[in-house]
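Protein chains in written order, with this note's numbering: chain F, 1 to 211; chain D, 212 to 422.
C-beta: ideal position from N, C-alpha, C; glycine also.
Every value quoted in this text rests on a predicted model; they were computed, and no experiment measured them.
Before any comments, here is the structure.
Number of protein chains: 2
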Amino acid sequence: MMERHSTLREQRRAETQRTIQAHAVRLFTERGYDATAINDVADAAGVSPMTVYRHFPTKEDLVLVDQHRQLIAERIAASSPAQPLVRRIGRALIEAAATLTSGRRTPDLATSEQFLLDRLRLMISTPALRAKHLDNYYALQQAIVDALGDDTTEPDAAFHAHAAASACLATMHTALVRWAEDDGKTDLSTLIAAALAAAFGDDDLTPGADG
Amino acid sequence: MMERHSTLREQRRAETQRTIQAHAVRLFTERGYDATAINDVADAAGVSPMTVYRHFPTKEDLVLVDQHRQLIAERIAASSPAQPLVRRIGRALIEAAATLTSGRRTPDLATSEQFLLDRLRLMISTPALRAKHLDNYYALQQAIVDALGDDTTEPDAAFHAHAAASACLATMHTALVRWAEDDGKTDLSTLIAAALAAAFGDDDLTPGADG
DNA sequence: AACAATTTGGTAGTCACTAACATTGGAGTT
DNA sequence: AACTCCAATGTTAGTGACTACCAAATTGTT
């Protein structure tokens, strides 16, 4: 029994997915999100509408940016529980953004920073997408709370963790908005650090030597 | 030319609106949000589907809780600009919640605390509504930033204001979730104050004598 | 070549939401 | 009271996102 089912199949599937998303983002940017039907995207990508739905369960998913949930959760889990919650979370967000942008200057469209900016702009400017985007933060928030681990010494630990996580994520979102407005000129992790400092005061949020 | 157009007409319209929303929340709670069609709501309320759409532009609006944007904005605008941003915002949120719940123990369904809790629970448990709910915060965030006023001494004042506002609102949301989970047993403003303290440290957030 | 599994296409249907038009019933006027 | 005006409602037909179901094509394996 093979586990590595296929390579060609996966390649084609991934390419189809990229093609669909690329055309979708292009059309959304050109004509607007609401003015572009899934059928238009399918026609432009040269596939049937059904195929679009198979690759992207909803129209919104054609634009969504994954938030590196895994990477952030890992960094938080690896951080010292002795530190304040917002510092543990804030540092993870800053570091995740740093690795994100550092590896994104590739010629490949799917991972290019420009493509990321295009999707981010769409998400910010389109109400329907904004709602979904924010909803996505909810899942990330839960992942952060889980990664923080259970602090059994504090009775309201979970409540505090949720509060800190949502506050940090909302602050990061502000930085993302600014980043998109500036067309990516300013470094994203720097912006996130600045936003966190503005919201929470001058905590030592720079991702230096971790305790 | 009359300005006080009518009383009976407005009464009927308001009553129709309340009836529709009451049946909607009831059906959503009983059968689930997605499993309930607008037609079902219309039938239950004894009106046509069109009437539902005229009173509530979207299905989500049947559940949405307004966040007392005006009240919060007024309190922030009245606060002293010398204080830290999160304290100005946090106090306004706490005080708004206090006035909200204090006046909500009326027998009237539309303003009853139970009805508010029902809608809140729906919003939290239903993904589609969660997204819209969070999107609503975005508008409130903008109102808060506007109410804070322009701090011309700081170059990144607007950015800092957005960061602080979104962080505070996200924290308040955490408190709302807890409040709904506890079925309103704990005082809402107390919960919000606790969440803010957890996220931002022990700032003096109690709405005592304002500076 | 033959078979199994995965991907894709087509059809029909549900549901949220909109636009255009007809109808009803209060509100103010004569 | 009769009449006009206007807001509220109803009706119909349509668009578009999304799903369920079935058929066809393509790929990996025997």
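Item	Value
Span separating the alpha-carbon of Asn164/F from that of Ala193/F	The residue asked about is misnamed: residue 164/F is Ala in this sequence, not Asn. Going by the C-alpha atoms only, they are around 15 Å apart.
As assigned by DSSP and simplified to three states, the class of Leu116/F	helix
Contact belief for Val274/D with Leu380/D at Cβ below 8 Å, rounded distance in angstroms	With a Cβ gap of about 19 Å, Val274/D and Leu380/D do not count as contacting.
Three-state class that DSSP yields for Thr385/D in the structure shown	helix
Rounded separation between His162/F and Ser48/F - CA only	42 Å
Validate contact between the segment 328–338 of chain D and the segment 385–398 of chain D using beta carbons, cut 8 Å, 3 pairs	yes
8 Å contact criterion, which Arg88/F and Leu148/F should meet: CB distance rounded	7 Å
Residues of the segment 121–143 of chain F whose Cβ lies closer than 8 Å to any Cβ of chain D, in chain order	Pro127, Arg130, Ala131, Lys132, Leu134, Asp135, Tyr137 and Tyr138
Chain D contacts made by the segment 161–184 of chain F, where a contact means CB separation under 7 Å	His162, Ala163, Ala164, Ser166, Ala167, Leu169, Ala170, Thr171, His173, Thr174 and Arg178
Short-range partners of chain F found in the segment 399–411 of chain D, where Cβ spacing is below 8 Å	Ala405, Ala406, Leu407, Ala409, Ala410 and Phe411
Within-7 Å CB hit, Arg159/F to chain D	The residue asked about is misnamed: residue 159/F is Phe in this sequence, not Arg. Chain D contact via Cβ: present.
Rounded separation between Gly46/F and Thr7/F - CA only	22 Å
Straight-line gap, Asp34/F to Lys343/D (C-alpha atoms, nearest Å)	17 Å
Interface flag, Val356/D vs chain F, CB-CB below 7 Å	no
Residue from Ala14/F, Gln114/F and Ser189/F whose Cα sits closest to the Cα of Ala97/F	Ser189/F
Under 7 Å between C-beta atoms of Ala378/D and Ala167/F	yes
Between the CA atoms of Ala78/F and Tyr348/D - distance to the nearest angstrom	32 Å
Members of the segment 275–295 of chain D that neighbour chain F once the beta carbon cut-off is set at 7 Å	none
Straight-line Cα distance separating Ala143/F from Ala409/D	19 Å
CB contact flag (Gly32/F, Leu117/F, <7 Å)	no
Between the CA atoms of Val41/F and His23/F - distance to the nearest angstrom	6 Å
For Gly360/D, the three-state DSSP class (helix, strand or coil)	coil
Contiguous beta strand (DSSP E) assignments of at least 3 residues, all confined to the segment 1–54 of chain F	none
Under 9 Å from the C-beta of Val252/D: neighbouring residues of chain F	Ordered by position in chain F, no residue passes the 9 Å Cβ test against Val252/D, which lies about 21 Å from the chain.
Minimum C-alpha distance to Leu59/F - residue among Leu93/F, Ile20/F, Thr186/F and Leu196/F	Inspection of the sequence shows that residue 59/F is occupied by Lys rather than by Leu. Of the listed residues, the one whose Cα sits closest to Lys59/F is Ile20/F.
7 Å CB neighbourhood of Thr150/F in its chain, flanking five on each side removed	In the sequence under discussion, the amino acid at residue 150/F is Asp, which differs from the Thr named in the question. Ala157, listed in sequence order.
DSSP-derived helix/strand/coil call for Gln141/F	helix
Minimum Cβ-Cβ distance from Gly422/D to chain F less than 7 Å	In this prediction, Gly422/D has a pLDDT of 38, which is less than 50 and means its spatial position is unreliable; what the coordinates show is noted afterwards. Not closer than 7 Å to any Cβ of chain F, the Cβ of Gly422/D fails to qualify, so no.
Minimum C-alpha distance to Leu93/F - residue among Ile76/F, Ser80/F and Pro84/F	Ile76/F
Close-in-space but distant-in-sequence residues of the same chain around Met212/D (CB under 6 Å, 5 per side omitted)	Summary for Met212/D: the model assigns pLDDT 41, below 50, so the residue's position carries little reliability; its value from the coordinates is reported in the next sentence. Answer for Met212/D: no residue qualifies.
Helix, strand or coil at Lys396/D according to DSSP, with G and I counted as helix	coil
Backbone CA spacing between Glu365/D and Gly301/D [nearest angstrom]	21 Å
Where the alpha helix (DSSP H) containing Gln281/D begins and where it ends	Arg280 to Ala289
Ala82/F (DSSP reduced to helix, strand or coil)	coil
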